[in-house]
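Undergrad: When we follow the working numbering, the leftmost residue of the sequence shown carries the number 23, and every step to the right adds one.
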Amino acid sequence: MREQEDQAQGPSGGSTRSRRAAGRRANDLDGASWTRHSISVWSDIHKSAEELSLKHPAMFPARLAGRLIQCFTTREEKTVLDPFAGAGSTLLAAQALGKTGIGFDVSEEYVDKARERPSPAMDGSGPADGGEGRGERRIHRADARQLLRYVAPESVDLVVTSPPYWNILLQRRTADHKEVRHYGDSERDLGKIDDYDEFLEALAEVFDKVYTALKPGKYCCAVVMDIRKRDRFYPLHSDLARRMERVGFIFDDIIIWDRGQEYNNLRPLGHPAVFRINKVHEYILIFRKPKDGVRHSPRPQG
Numbered sequence: 023m024r025e026q027e028d029q030a031q032g033p034s035g036g037s038t039r040s041r042r043a044a045g046r047r048a049n050d051l052d053g054a055s056w057t058r059h060s061i062s063v064w065s066d067i068h069k070s071a072e073e074l075s076l077k078h079p080a081m082f083p084a085r086l087a088g089r090l091i092q093c094f095t096t097r098e099e100k101t102v103l104d105p106f107a108g109a110g111s112t113l114l115a116a117q118a119l120g121k122t123g124i125g126f127d128v129s130e131e132y133v134d135k136a137r138e139r140p141s142p143a144m145d146g147s148g149p150a151d152g153g154e155g156r157g158e159r160r161i162h163r164a165d166a167r168q169l170l171r172y173v174a175p176e177s178v179d180l181v182v183t184s185p186p187y188w189n190i191l192l193q194r195r196t197a198d199h200k201e202v203r204h205y206g207d208s209e210r211d212l213g214k215i216d217d218y219d220e221f222l223e224a225l226a227e228v229f230d231k232v233y234t235a236l237k238p239g240k241y242c243c244a245v246v247m248d249i250r251k252r253d254r255f256y257p258l259h260s261d262l263a264r265r266m267e268r269v270g271f272i273f274d275d276i277i278i279w280d281r282g283q284e285y286n287n288l289r290p291l292g293h294p295a296v297f298r299i300n301k302v303h304e305y306i307l308i309f310r311k312p313k314d315g316v317r318h319s320p321r322p323q324g
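Structural data, given as structure tokens:
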């Protein structure tokens, strides 16, 4: 009976559910783009030559941020936040799409790079020549835990970010033998926290501030990768998701970002003693602030 009610035809021939949704839009995508981007694995987004030249140890492409902005905002929704801005991918994408990108980072080097980089074109929606976009970028060299000093409560339309992957940059990668990657000397860098649980709590502190800054009903997208340290596996994506639920977010969905084409020098990890997995994907965790702004109660564990 419920299915029949949902599909009941109204006077105009559309379903009751379709007519209820007709007065609101989640974004400005056409039907073809909506369908294409709704696929749960994204394999068509790679870093540009300019992004590779920056040698940032853990950045995601501006095109990835741009797609998320296009999926989760309308033209009228203008403010995009990245509390871990790095080289500024989210800010550049927001600017190219006519929005204001606001970012925070503790690295002086990458804050400078984020200010200087040209704004890229976003899948035909940004400036075709890759010049400056119609929007604005603002980046603060500051600890993300202090973001409410710069951003008003309930003023942000979307958050797109990639938090530090714990202190993984400080260890040599076994998958492709890349050396330790240095991100700066700031003692405020969360990537320098040695204890995993303490690191997660520090992330939760940042996202608590993010929750306050975000408008009710709006989305927060976090790009993360799971971690292995020798014999210990750390499921960062699920551990962060639990912390985010405790903050009050609703865990809404996951997209897999397939980066397999970037890894062309893989090694047989653990061979021959123990079989290990070469991780060539990241998770895009999608959270939503409840529409009433009331902090969500985490689902019971069991």
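Don't be surprised by glycine CBs; every beta carbon is placed ideally from N, CA and C.
Computed from a predicted structure; not experimentally measured.
Does the count of Cβ pairs from the region 156-168 and the region 79-98 closer than 8 Å reach three?
TA: No, because fewer than three Cβ pairs between the region 156-168 and the region 79-98 fall closer than 8 Å, the two stretches do not touch.
Undergrad: For the putative contact between proline 142 and alanine 109, defined by C-beta atoms under 8 Å, what is the C-beta separation to the nearest angstrom?
TA: The residue labelled residue 142 in the question sits at position 120 within the sequence shown. The residue labelled residue 109 in the question sits at position 87 within the sequence shown. Between alanine 109 and proline 142 the Cβ distance is about 12 Å, and since that is not below 8 Å, they are no contact.
Undergrad: I want to know whether the region 245-257 touches the region 225-233 - three or more CB-CB distances under 8 Å.
TA: No, the region 245-257 does not touch the region 225-233.
Undergrad: Using beta-carbon positions only, say whether leucine 169 and alanine 71 come within less than 8 Å of one another.
TA: Taking the sequence shown and counting its residues from 1, one reaches residue 169 at position 147. Taking the sequence shown and counting its residues from 1, one reaches residue 71 at position 49. Not closer than 8 Å, so no.
Undergrad: In whole angstroms, what is the alpha-carbon distance linking arginine 310 and cysteine 242?
TA: Your numbering for residue 310 matches position 288 in the sequence shown. Your numbering for residue 242 matches position 220 in the sequence shown. Spanning the two alpha carbons is a distance of roughly 6 Å.
Undergrad: Since leucine 113 and valine 173 should fall inside the 8 Å C-beta cutoff, what is the C-beta to C-beta distance between them, to a whole number of angstroms?
TA: Your numbering for residue 113 matches position 91 in the sequence shown. Your numbering for residue 173 matches position 151 in the sequence shown. Their Cβ separation, rounded to whole angstroms, is 13 Å, which puts leucine 113 and valine 173 out of contact at 8 Å.
Undergrad: Just reading off the beta strand (DSSP E) that aspartate 274 is part of, what are its end residues?
TA: Here residue 274 corresponds to residue number 252 of the sequence shown, with the count starting at 1. Unbroken beta strand (DSSP E) run through aspartate 274: 272-280.
Undergrad: Can you tell me whether valine 181 is buried or exposed, with buried defined as 16 or more other CB within 10 angstroms of its CB?
TA: To locate residue 181, count along the sequence shown from 1; it is residue 159. Buried, since its Cβ has 16 or more Cβ neighbours within 10 Å.
Undergrad: Under a Cβ-count criterion, where at least 16 other Cβ atoms within 10 Å of its own Cβ denotes burial, should valine 128 be classed as buried or exposed?
TA: Along the sequence shown, one-based indexing puts residue 128 at 106. So valine 128 counts as buried.
Undergrad: Compute the distance between the beta-carbons of glycine 123 and glycine 157, then report whether it is under 8 Å.
TA: The residue you call residue 123 lines up with position 101 of the sequence shown. The residue you call residue 157 lines up with position 135 of the sequence shown. Cβ distance < 8 Å, so glycine 123 and glycine 157 count as in contact.
Undergrad: May I ask you to report which of helix, strand or coil DSSP gives valine 173?
TA: Stepping through the sequence shown from its first residue, residue 173 is reached at position 151. If DSSP states are grouped into helix, strand and coil, valine 173 belongs with coil.
Undergrad: Look at tyrosine 218 and tyrosine 187 and say whether their C-beta atoms are less than 8 Å apart.
TA: Your numbering for residue 218 matches position 196 in the sequence shown. Your numbering for residue 187 matches position 165 in the sequence shown. Contact flag unset, no.
Undergrad: Count the other CB atoms within 10 Å of the CB of threonine 57; is the residue buried (16 or more) or exposed (fewer)?
TA: If you number the sequence shown from 1, residue 57 lands on position 35. Looking at its Cβ environment, which holds fewer than 16 other Cβ atoms inside 10 Å, threonine 57 is exposed.
Undergrad: If you measure from the CB of proline 294, is any heavy atom of the ligand MG nearer than 7 Å?
TA: Ligands in the displayed structure: none, and consequently the ligand MG is not present.
Undergrad: Taking lysine 231 as part of the alpha helix (DSSP H), name the residues at either end of that continuous run.
TA: Here residue 231 refers to the residue found at position 209 when the sequence shown is read from its first residue. Taken as a continuous stretch (DSSP letters only), the alpha helix (DSSP H) holding lysine 231 covers 218-235.
Undergrad: Shortest alpha-carbon distance to proline 105 belongs to which of Arg289, Leu225 and Ile308?
TA: Reading the sequence shown from its first residue, position 83 is the one you call residue 105. With distances taken between Cα atoms, proline 105 lies closest to Leu225.
Undergrad: Which residue's Cα is closest to the Cα of leucine 222: Phe273, Arg268 and Lys240?
TA: Locating residue 222 in the sequence shown gives position 200, counting from the first residue. Residue Arg268 is the option with its Cα nearest to leucine 222.
Undergrad: Closest to arginine 289 by C-alpha separation, out of Pro185, Trp279 and Val302, would be which residue?
TA: Translated into the one-based positions of the sequence shown, residue 289 becomes position 267. That would be Val302, whose Cα lies nearest to the Cα of arginine 289.
Undergrad: Take aspartate 280 and list the residues in its own chain whose beta-carbon comes closer than 8 Å to its own, dropping the five residues that flank it on each side.
TA: Walking along the sequence shown from the start, residue 280 turns up at place 258. Within the same chain, aspartate 280 has close Cβ partners Val63, Trp64, Ser65, Val302 and His303.
Undergrad: Excluding the 5 residues flanking valine 133 on each side, which residues of the same chain have their C-beta closer than 7 Å to its C-beta?
TA: By 1-based counting over the sequence shown, the position of residue 133 is 111. Asp127, Ile161 and Arg163, listed in sequence order.
Undergrad: Under 8 Å between the Cβ atoms of alanine 244 and serine 177?
TA: If you number the sequence shown from 1, residue 244 lands on position 222. If you number the sequence shown from 1, residue 177 lands on position 155. No, Cβ-Cβ distance for alanine 244 and serine 177 is not below 8 Å.
Undergrad: Please report the straight-line C-alpha distance between glycine 270 and isoleucine 276, rounded to a whole angstrom.
TA: The residue labelled residue 270 in the question sits at position 248 within the sequence shown. The residue labelled residue 276 in the question sits at position 254 within the sequence shown. Going from the Cα of glycine 270 to the Cα of isoleucine 276 covers about 18 Å.
Undergrad: Whose CA, out of Arg254, Arg171 and Ala136, lies closest to the CA of arginine 159?
TA: Reading the sequence shown from its first residue, position 137 is the one you call residue 159. Cα-wise, what sits closest to arginine 159 is Ala136.
Undergrad: Taking Cβ positions, are isoleucine 67 and arginine 85 nearer each other than 8 Å?
TA: As a first step, residue 67 is located in the sequence shown; it is residue number 45 there, counting from the start. As a first step, residue 85 is located in the sequence shown; it is residue number 63 there, counting from the start. In contact: isoleucine 67 and arginine 85 (Cβ atoms closer than 8 Å).
Undergrad: Whose C-beta lies closer than 8 Å to the C-beta of serine 260 among residues of the same chain, with five residues either side of it excluded?
TA: Looking up residue 260 in the sequence shown gives position 238. If we look at serine 260 and ignore the five residues flanking it on each side, it has no Cβ neighbours.
Undergrad: Alanine 263 by DSSP, collapsed to three states: which one?
TA: Along the sequence shown, one-based indexing puts residue 263 at 241. Alanine 263: helix per DSSP, three-state reduction.
Undergrad: If you measure between the beta carbons of arginine 298 and leucine 307, is that distance less than 8 Å?
TA: Mapped onto the sequence shown, residue 298 falls at position 276. Mapped onto the sequence shown, residue 307 falls at position 285. Taking 8 Å as the Cβ cut-off, arginine 298 and leucine 307 do not qualify as a contacting pair.
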